[in-house]
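Each step along the sequence shown adds one to the number in UniProt numbering, with nothing skipped, and position 215 is 215.
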Amino acid sequence: MNRIIPLVFLIITFAVVLLGKQRLISVSVNHEIVNVADKDDCNNLRLIQTDEDEPAEWMTEKEVWKLLRKGTKFMDITDNEDLGTVVKSKSSRQFPIKPSYQKEVSHYKEKLSTKYMKESLKNFTSFHNRYYRSAHGAASSIWLYKEIKRIADRADDYVRISVRKFKHKWVQISIIARFEGSDRNKEDQVVIIGAHQDSVNMWMPTNGRSPGADDDGSGTTTILEAFRVLVEGGFKPHLPVEFHWYSAEEAGLLGSQAIAKKYERQHKDVIAMLQNDMTGYVGNRQESFGIVTDHVDRNLTDFVKSLIDEYTDIPWANTKCGYACSDHASWRKAGYPSAFVIESKIDYNNPYIHTVKDTIDLLNFNHMLEFSKLAVGFAVELSHIDESEKI
Ligand SMILES: [Zn+2]
Numbered sequence: 001m002n003r004i005i006p007l008v009f010l011i012i013t014f015a016v017v018l019l020g021k022q023r024l025i026s027v028s029v030n031h032e033i034v035n036v037a038d039k040d041d042c043n044n045l046r047l048i049q050t051d052e053d054e055p056a057e058w059m060t061e062k063e064v065w066k067l068l069r070k071g072t073k074f075m076d077i078t079d080n081e082d083l084g085t086v087v088k089s090k091s092s093r094q095f096p097i098k099p100s101y102q103k104e105v106s107h108y109k110e111k112l113s114t115k116y117m118k119e120s121l122k123n124f125t126s127f128h129n130r131y132y133r134s135a136h137g138a139a140s141s142i143w144l145y146k147e148i149k150r151i152a153d154r155a156d157d158y159v160r161i162s163v164r165k166f167k168h169k170w171v172q173i174s175i176i177a178r179f180e181g182s183d184r185n186k187e188d189q190v191v192i193i194g195a196h197q198d199s200v201n202m203w204m205p206t207n208g209r210s211p212g213a214d215d216d217g218s219g220t221t222t223i224l225e226a227f228r229v230l231v232e233g234g235f236k237p238h239l240p241v242e243f244h245w246y247s248a249e250e251a252g253l254l255g256s257q258a259i260a261k262k263y264e265r266q267h268k269d270v271i272a273m274l275q276n277d278m279t280g281y282v283g284n285r286q287e288s289f290g291i292v293t294d295h296v297d298r299n300l301t302d303f304v305k306s307l308i309d310e311y312t313d314i315p316w317a318n319t320k321c322g323y324a325c326s327d328h329a330s331w332r333k334a335g336y337p338s339a340f341v342i343e344s345k346i347d348y349n350n351p352y353i354h355t356v357k358d359t360i361d362l363l364n365f366n367h368m369l370e371f372s373k374l375a376v377g378f379a380v381e382l383s384h385i386d387e388s389e390k391i
């Protein structure tokens, strides 16, 4: 009897500790209830890479948050250490020297407007945050999925299009919308346009308010508008074209790494990938595209410059952003050509990202629309790359 009492006490204590570690949170999304477990796992060790040439380091999540506060870019490779081991050739492909599908691009470009961008970004920033492991982050990703699906459902019957959820170990999904190509022998080739949907408050990552209007609500909305006009214009690309909205970029490119790893394993031939991360802030500077020139594919980046010259109304300026500064880095690591455009030269970027002040009132929607023009040009031109005259 004397021995049983302490044993029962021990079991009860253990159960209380276990239950306390995993709280269940409910959140309402368009009248649907999403339940997510908020795991207190900030003492888990993560394998973090901050430089291409340096070995990765094991860190606690709190140490990772310190990197976020310092503005150090990083890739969390804990679950994807083998990314880039299948596609051996990192040699760049040839891209056309100049654009050639002006008529097709203008058919979609003339449908672009800031109206829907404003509406969708207002909704998207109204979630408390879009942190990848929070109930709010789960809810925002479901809202976005439904919005993309609603647009896709309006397509004419001859447009072959699908919208898929890409599920992860955490609660926020990534989303992939795909236009099938007309050449059915080339289903494994794909052109990708991406942005990340998650946001983070660097002072209170798991539960702080983080509207993430610019980072990266702007890129999310920019490519959503490009997607909308392609759907409504009846886009039938020659090669498949996909739009990706990644989860968990702020946690070390987790969503894009998981997708890139899957594509690599499936031996998909990613023709080209263009990342849009922060497209809305101009401040009091003259407008330009920031074209990232480090850790990107050089030939593709040159082609993107020619697309900006042809299809947009503002100039570009070269800039550098360091290792793993957005999701294009996952595709590059997997061995595929990727490029990255941002709102300005890095030094003039929005100073309020990762805080409560990253709000919609500081953004310029006409600037974002220039990035949508580029996304449309990129989708159309590269979907014809196998028919284009090469250098
Ligand atoms: Zn970002």
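Backbone N, C-alpha and C fix where the C-beta goes; we use that ideal spot for every residue, glycine too.
Check: Which residues mark the beginning and the end of the alpha helix (DSSP H) in which Val304 is found?
Finding: Numbered from its first residue, the sequence shown carries residue 304 at position 304. Residues Arg298 to Tyr311.
Check: Quick one: what's got a C-beta closer than 6 Å to Phe124's C-beta in the same chain, skipping five residues either side?
Finding: As a position in the sequence shown, residue 124 is number 124, starting the count at 1. Closer than 6 Å at Cβ, skipping near neighbours: Gly217.
Next item on the list: Compute every distance between the C-beta of Glu343 and the non-hydrogen atoms of ligand 1, then say whether any falls below 7 Å.
Entry: As a first step, residue 343 must be located in the sequence shown, where it is residue number 343. Not under cutoff, so the answer is no.
Next item on the list: With DSSP as the reference, label Met59 as helix, strand or coil.
Entry: The residue given as residue 59 occupies position 59 in the sequence shown. DSSP places Met59 in strand when its eight states are reduced to three.
Note to self: As a quick exercise: from Ala56, Gly283, Ala334 and Asp51, pick the residue whose alpha carbon is nearest that of Lys268.
What the structure shows: Here residue 268 refers to the residue found at position 268 of the sequence shown. Cα-wise, what sits closest to Lys268 is Ala334.
Next item on the list: Could you check if Pro55 is buried or exposed, using at least 16 other CB atoms within 10 Å of its CB as the buried criterion?
Entry: Walking along the sequence shown from the start, residue 55 turns up at place 55. By the 10 Å Cβ count, Pro55 comes out exposed.
Checklist line | Cross-strand partners of Gly290 (DSSP beta bridge) | finding: Indexing the sequence shown from 1 puts residue 290 at position 290. Its beta-bridge partners are Ala317 and Ile342.
Next item on the list: Pull up the distance between the alpha-carbon of Lys345 and that of Asp214, whole angstroms please.
Entry: As a first step, residue 345 is located in the sequence shown; it is residue number 345 there, counting from the start. As a first step, residue 214 is located in the sequence shown; it is residue number 214 there, counting from the start. Near 15 Å, if we compare the C-alpha coordinates of Asp214 and Lys345.
Checklist line | Identity of the residues DSSP links to Met165 by a beta bridge | finding: To locate residue 165, count along the sequence shown from 1; it is residue 165. Reading off the sequence, residue 165 comes out as Lys, not Met. In DSSP, Lys165 forms a bridge with Ile175.
Item checked: Whole-angstrom distance between Gly377 and Gln102, CA atom to CA atom -> For the purposes of this step, residue 102 is taken as residue 102 along the sequence shown, with counting starting at 1. For the purposes of this step, residue 377 is taken as residue 377 along the sequence shown, with counting starting at 1. Answer to the nearest angstrom: the Cα atoms are 8 Å apart.
Note to self: Between which two residues does the beta strand (DSSP E) holding Trp245 run?
What the structure shows: Mapped onto the sequence shown, residue 245 falls at position 245. Unbroken beta strand (DSSP E) run through Trp245: Val241 to Tyr246.
Next item on the list: Would you mind working out which of Pro351, Leu374, Thr359 and Trp203 sits nearest Phe66, comparing C-alpha positions?
Entry: As a first step, residue 66 must be located in the sequence shown, where it is residue number 66. One point to set straight first is that residue 66 is Lys, not Phe, in the sequence displayed. Lys66 has its Cα closest to that of Trp203, out of Pro351, Leu374, Thr359 and Trp203.
Next item on the list: Report yes or no: do the region 358-369 and the region 279-286 share at least 3 C-beta pairs separated by less than 8 Å?
Entry: yes
Note to self: I'd like to know whether the C-beta of Glu370 is nearer than 8 Å to at least one C-beta of chain C.
What the structure shows: Protein chains in the displayed structure number just one, and chain C is not present.
Next item on the list: Pair every Cβ in the region 119-135 with every Cβ in the region 204-211, then say whether three or more of these pairs are closer than 8 Å.
Entry: yes
Notebook entry, point to check: So which of Leu224, Ser113 and Ala251 has the shortest CA-CA distance to residue 397?
Noted result: Lying outside 1 to 391, the shown extent of the chain, residue 397 is not represented and no answer is given.
Notebook entry, point to check: Could you give the distance in angstroms between the alpha-carbon of Arg150 and the alpha-carbon of Trp316?
Noted result: By 1-based counting over the sequence shown, the position of residue 150 is 150. By 1-based counting over the sequence shown, the position of residue 316 is 316. Approximately 34 Å, taken between the alpha carbons.
Note to self: Using 8 Å for Cβ pairs, my map puts Thr222 next to Ala379. What's the rounded Cβ distance?
What the structure shows: For the purposes of this step, residue 222 is identified with residue 222 of the sequence shown, where counting begins at 1. For the purposes of this step, residue 379 is identified with residue 379 of the sequence shown, where counting begins at 1. Going by Cβ atoms, the distance from Thr222 to Ala379 rounds to 13 Å, so no, they are not a contact pair.
Item checked: Asn366: first and last residue of the uninterrupted beta strand (DSSP E) it sits in -> In the sequence shown, residue 366 corresponds to position 366, counting from 1. Segment Phe365 to Leu382 is the alpha helix (DSSP H) holding Asn366; no beta strand (DSSP E) there.
Next item on the list: With a threshold of 16 other CB atoms inside 10 Å of the CB of Asp277, please say whether the residue is buried or exposed.
Entry: Start at 1 with the first residue of the sequence shown, and residue 277 comes out as number 277. Under this definition Asp277 is a buried residue.
Check: Between Val64 and His354, what straight-line distance do the alpha-carbon atoms span, to the nearest angstrom?
Finding: Reading the sequence shown from its first residue, position 64 is the one you call residue 64. Reading the sequence shown from its first residue, position 354 is the one you call residue 354. Between Val64 and His354, the C-alpha separation is close to 14 Å.
Checklist line | Per DSSP, cross-strand counterpart(s) of Arg46 | finding: Residue numbering aside, residue 46 sits at position 46 when the sequence shown is read from its first letter. Answer by DSSP bridge pairing, in chain order: Met59.
Item checked: Distance, Val190 Cα to Val270 Cα -> In the sequence shown, counting from the first residue as 1, residue 270 sits at position 270. In the sequence shown, counting from the first residue as 1, residue 190 sits at position 190. Those two C-alpha atoms are separated by around 5 Å.
Next item on the list: Kindly examine ligand 1 and report whether one of its heavy atoms sits closer than 7 Å to the Cβ of Ser326.
Entry: Within the sequence shown, numbered from 1, the residue matching residue 326 stands at position 326. Indeed, a heavy atom of ligand 1 lies less than 7 Å from the Cβ.
Next item on the list: Find out if the Cβ-Cβ distance for the pair Leu112, Ile77 is shorter than 8 Å.
Entry: Taking the sequence shown and counting its residues from 1, the one referred to as residue 112 is at position 112. Taking the sequence shown and counting its residues from 1, the one referred to as residue 77 is at position 77. Contact flag unset, no.
Check: If you draw a straight line from the alpha carbon of Ser306 to that of Asn44, how long is it in whole angstroms?
Finding: For the purposes of this step, residue 306 is identified with residue 306 of the sequence shown, where counting begins at 1. For the purposes of this step, residue 44 is identified with residue 44 of the sequence shown, where counting begins at 1. Each residue's alpha carbon lies about 45 Å from the other.
Next item on the list: Determine the contact status of Phe246 and Asp327, defining contact as a CB-CB distance below 8 Å.
Entry: On the sequence shown, position 246 is the one that residue 246 refers to. On the sequence shown, position 327 is the one that residue 327 refers to. As written in the sequence, residue 246 is Tyr, which differs from the Phe given in the question. For Tyr246 and Asp327, yes; Cβs fall inside 8 Å.
Notebook entry, point to check: DSSP on Gln102, reduced to helix/strand/coil?
Noted result: Here residue 102 refers to the residue found at position 102 when the sequence shown is read from its first residue. Note: Gln102 maps to helix in three-state DSSP.
Note to self: Measuring alpha carbon to alpha carbon, tell me which residue in Leu369, Ile148 and Val159 is nearest Gln197.
What the structure shows: Taking the sequence shown and counting its residues from 1, the one referred to as residue 197 is at position 197. Measuring from the Cα of Gln197, the nearest candidate turns out to be Ile148.
Check: Does ligand 1 have even one heavy atom less than 7 Å from the beta-carbon of Met278?
Finding: Here residue 278 refers to the residue found at position 278 when the sequence shown is read from its first residue. Checking every heavy atom of ligand 1 against the Cβ of Met278, one is found closer than 7 Å.
Notebook entry, point to check: Any idea if Gln266 is buried or exposed, counting beta-carbon neighbours within 10 angstroms, 16 or more meaning buried?
Noted result: Here the question's residue 266 lines up with position 266 in the sequence shown. Gln266 should be labelled exposed.
Notebook entry, point to check: Where in the region 191-246 do unbroken runs of the alpha helix (DSSP H), each at least 4 residues long, occur, reported from the N-terminal end onward?
Noted result: 219-232
Check: Going by alpha carbons, who is nearest to Lys373 out of Thr312, Asp153 and Gln172?
Finding: Along the sequence shown, one-based indexing puts residue 373 at 373. Lys373 has its Cα closest to that of Thr312, out of Thr312, Asp153 and Gln172.
Note to self: Please return the same chain residues whose Cβ sits closer than 6 Å to the Cβ of Asp183, not counting the five positions on each side in sequence.
What the structure shows: Stepping through the sequence shown from its first residue, residue 183 is reached at position 183. For Asp183, where only same-chain residues beyond five positions count, the Cβ hits under 6 Å are His238.
Check: Are Pro351 and Arg93 closer than 8 Å when you measure CB to CB?
Finding: Position 351 of the sequence shown, counting from 1, holds the residue named residue 351. Position 93 of the sequence shown, counting from 1, holds the residue named residue 93. Not closer than 8 Å, so no.
Next item on the list: Counting only the same chain and skipping the five closest in sequence on each side, list residues whose C-beta sits under 8 Å from that of Leu68.
Entry: Looking up residue 68 in the sequence shown gives position 68. If we look at Leu68 and ignore the five residues flanking it on each side, its Cβ neighbours are Val200, Met202, Pro205, Glu250 and His354.
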